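Quick note on numbering: the sequence shown equals residues 4 to 296 in the working numbering. Glycine is no exception: its CB is placed at the ideal position from the N, C-alpha and C atoms. Here the structure is a predicted model, which is why all the values come from computation and not from measurement. Below is one structure; the comments refer to it alone.
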Amino acid sequence: MDSAVTIPVTAIVTAYRRADELVRTLRLLRACEPAPAEILVHVDGDQRACAEEVAREFPDIPVVVSNERVGPGGGRNRLMAVARHELVASFDDDSYPIDRDYFSRVERLFAEFPDAWVVDARVYHLNERIEPDATTAEWVADFSGGACAYRRRRYQETGGYVPLPTAYGMEEVDFGLRLHALGGRVLRSARLRVFHHTDLAHHADPAITSGSIVNLALLTYLRYPLSMWAVGAGQCLNRIQWLIRHGRRRGVLSGVAAIPWTIVRHRHRRLPLPAPTVRSFLALRRRAIPATP
């Protein structure tokens, strides 16, 4: 690392095609004081040009390339397997810390909240006002995979993410649900602030619309007991209605049509959880719990 002083935290970054954004994120991670002790990059879908750009700019940063699309969750699984430190801060290729002492804050928060398996950051997007950092924190159900930090050992206990090329509506929710079933906790802290360099316009992409529907059905099949499948069906229906109301009709029919094949392809991952566990998780999603050290 360029910095003489580092924090024993691994920073992982998952990327796909956006080499320029990835290079910017890596530069900003390097500029943190203290810097993370290790930075690892995953490049999805055999995007060799993206990996080569990182190698030119940062020859000392290891890059893992997946030949097939495994999505950001699959990429995080691969990076977690080789990370050298217990605390691992996660970013997307277009997300990065707002505060230069971000990694010191990560370390302190895990020390102050030993029950936390994941610490989630406040995320800000383009054209949003960035609020001052604060000491407030709360226990929540799920989190943003591109703006959080994990205890590596606890991450491995959950089994990691289900690798999906388009994981909206499934990735962190599924991970958080399995973590919840194990007695794990997710802390969201206003002391951690991450900037996501996007205006979220890409959420209107038909592929994301389709994925957000099929992933809700997949989550229901994999984790909900049969007695709660009606709840999952209601969630899918609510999502479809929301998409239609907001003019995101393209991708709705393809999402519904893709449900059977997606379930068949991932049927070996089915591990339903007890109904009280699922209900407890959903209740926590609706109402967070204030947290104090």
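Please classify residue i: does DSSP put it in a helix, a strand, or coil?
| i | result |
| --- | --- |
| E141 | strand |
| S6 | Any answer about S6 is weak, because its pLDDT of 44 lies below 50 and its placement is not dependable; what the coordinates show is given next. Note: S6 maps to coil in three-state DSSP. |
| Y158 | helix |
| G187 | coil |
| D335 | Because the chain is modelled from 4 through 296, residue 335 falls outside the range shown and cannot be assessed. |
| I292 | strand |
| A170 | coil |
| S147 | coil |
| V281 | helix |
| V267 | helix |
| R132 | coil |
Determine the closest residue to residue i out of the options, with distance taken between C-alpha atoms.
| i | options | result |
| --- | --- | --- |
| E141 | L112, C35, S215 | L112 |
| G270 | A236, Y224, G235 | The identity of residue 270 in the sequence shown is Arg, whereas the question assumes Gly. When only C-alpha atoms are compared, the closest one is Y224. |
| F284 | D177, S93, I42, D104 | D177 |
| P275 | P228, I292, G235, L240 | P228 |
| P277 | G48, R181, A22, R108 | R181 |
| G250 | A207, T169, V197, A34 | A207 |
| D23 | V255, R59, I211 | R59 |
| G149 | A260, V44, L246, A220 | V44 |
| P37 | A52, A14, R51, V46 | A14 |
| A40 | P65, A18, V46 | P65 |
| H200 | E89, R21, N70, P11 | R21 |
| M173 | R194, T212, A92 | T212 |
| R156 | D118, T28, L31 | D118 |
Residue i and residue j: beta carbons closer than 7 Å?
| i | j | result |
| --- | --- | --- |
| W120 | G187 | yes |
| P166 | G74 | yes |
| A294 | V143 | no |
| F106 | V16 | no |
| T265 | L222 | no |
Beta strand (DSSP E) segments (min. 3 residues) lying fully within the region 72-104: 90-95, 98-100
Segments assigned alpha helix (DSSP H), at least 4 residues, entirely inside the region 199-260: 209-226, 232-248
Cβ pair count under 8 Å reaching 3, the region 96-105 against the region 78-85: no
Unbroken stretches of the beta strand (DSSP E), 3 residues or longer, contained in the region 16-80: Qualifying beta strand (DSSP E) stretches, in chain order: 38-46, 66-68.
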